Amino acid sequence: MNLNQYLKRIGASNPSKTELSYLSHLQQQHVRKVPFENLDVISHYPLSLQIADLYHKIVVQERGGICHELNGLFHHLITNLGFQAHLHAATTHIGTGWFPIENTHVFNLVLLNNKHYLVDVGLGGKSPAKPVPLTGEEIKDVDGWYRVIREEDVFYLQKKANKDWNILYCFTTVKKELQDFEPICQWMQTSPESPFNKRLLLSKVNEKGRVTLAGNSLTIVKENEKTKKKLKVNEIRDKIKHYFGLNDSFQLNDAIVE
C-alpha cells in the first residue's frame, strides 16, 4: 500500500506526529472524501476485505465502501503512520431498537497519551468527523454533538438530537481482526434479511453538513437545514458523481434505486 497515494486520495497533509490533531485531520478528510456506498453490493459484485483489494477500490479507483471496507483500510493507514489502533465490533441501534444481529459494524479505537478514542469513518451519514474519547466528553461536529458513555463493560456511542441523546451503537473493548468480519460482510451482501442489498445507499460528510442518497431520495443537510428531492433514474449517476465524488468506475443497478 502506498501511504502517500492514500493521503493524496483523502486530501490529507503529509505524515506528522502521532498526535490527536493529526488523527482528527485524517478522520475529517476521510469522511469528507470517501463516501459510504453500497454500489458493489446492490450490483452483486463480491466484496473483498483483503488490504490490496481495498486499496485498489478506495484509493486507485477512488470509490467508497461499506463500514468493513472503510474502517478496515483506514485502520491499515493509521497503524502504518504509527498510531496504536485496534478494530472493534459494534451492535447498531436503528431507531426502533437494536439491530437483530450483533456486532455487524466495525470501527477503530485509538490509544493516545493513555486515552482511548473512538474513530469511525464508516457509519455513513452518522459518522462523527472527529475522534470521540471514551470519557463521556461531548464532541462538537458539523451537524451536532457526540459522546461515548459507559455502563459497566459496555460503551455506547450517542448523538444528541434536540435535548436527547440517541444511541448509535454499543460495543466492548474486545479486539478484532478485519478477517473476523468476513462472515457478517458476506451476510450483508447476500442475506434476504440484510438492509444493505435492497436499495442504493450513499452518504458523505462535507464542510457544512451531510448528503445522503437512499434509493432515489437525495437528502442534503446544510447547517442543520434539511432538503429532500426525489431523483429520476436518469439523474442518479450524475448526482452520485457530483455529490459523492465517484468516477465512472461503478456499476448501477437501476432496478433497485427506488
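Numbering (my numbering), first residue to last: 7 to 264. Ideal Cβ positions, reconstructed from N, Cα and C, are used throughout, including at glycine. These numbers were taken from a predicted model, which means no experiment stands behind them.
- DSSP places Arg15 in the uninterrupted alpha helix (DSSP H) bounded by Leu9 to Arg15.
- Separation of Asp46 and Val125 (C-alpha to C-alpha, rounded to the nearest whole angstrom) is 25 Å.
- In the DSSP assignment, Asp170 forms a beta bridge with Ala167.
- The shortest C-alpha to C-alpha distance from Val180 to any of Asn114, Glu188 and Gln35 is the one to Asn114.
- The Cβ atoms of Tyr12 and Val65 sit closer than 8 Å to each other.
- When secondary structure is reduced to three states using DSSP, Gly251 falls in the coil class, being assigned neither helix nor strand.
- Judged by DSSP secondary structure, Tyr61 falls within the alpha helix (DSSP H) whose first and last residues are Ile57 to Tyr61.
- The Cβ atoms of Thr178 and Asp159 lie closer than 8 Å to each other.
- If you draw a straight line from the Cα of Ile57 to the Cα of Leu79, it is about 6 Å long.
- Gly131: not part of any beta strand (DSSP E); DSSP gives it neither H nor E.
- Rounded to whole angstroms, the gap between the alpha carbons of Leu258 and Leu93 is 31 Å.
- Every alpha helix (DSSP H) of 4 residues or more that sits fully in the segment 19-101 is shown, in chain order, as 26-39, 45-48, 57-61 and 73-86.
- By the neighbour-count criterion, in which 16 or more other beta carbons inside 10 Å mark a residue as buried, Gly128 falls on the buried side.
- Spanning the alpha carbons of Lys210 and Tyr162 requires a straight line of approximately 23 Å.
- If you draw a straight line from the Cα of Gly251 to the Cα of Asp186, it comes to about 30 Å.
- Straight-line measurement puts the Cα of Cys176 at about 34 Å from the Cα of Asn10.
- Under the DSSP assignment, Trp193 falls in the alpha helix (DSSP H) whose first and last residues are Glu188 to Thr196.
- Around the C-beta of His111, 16 or more other C-beta atoms lie within 10 Å, and the residue is accordingly described as buried.
- Looking from the CA of Asn253, the closest CA among Arg69, Ala95 and Ser22 belongs to Arg69.
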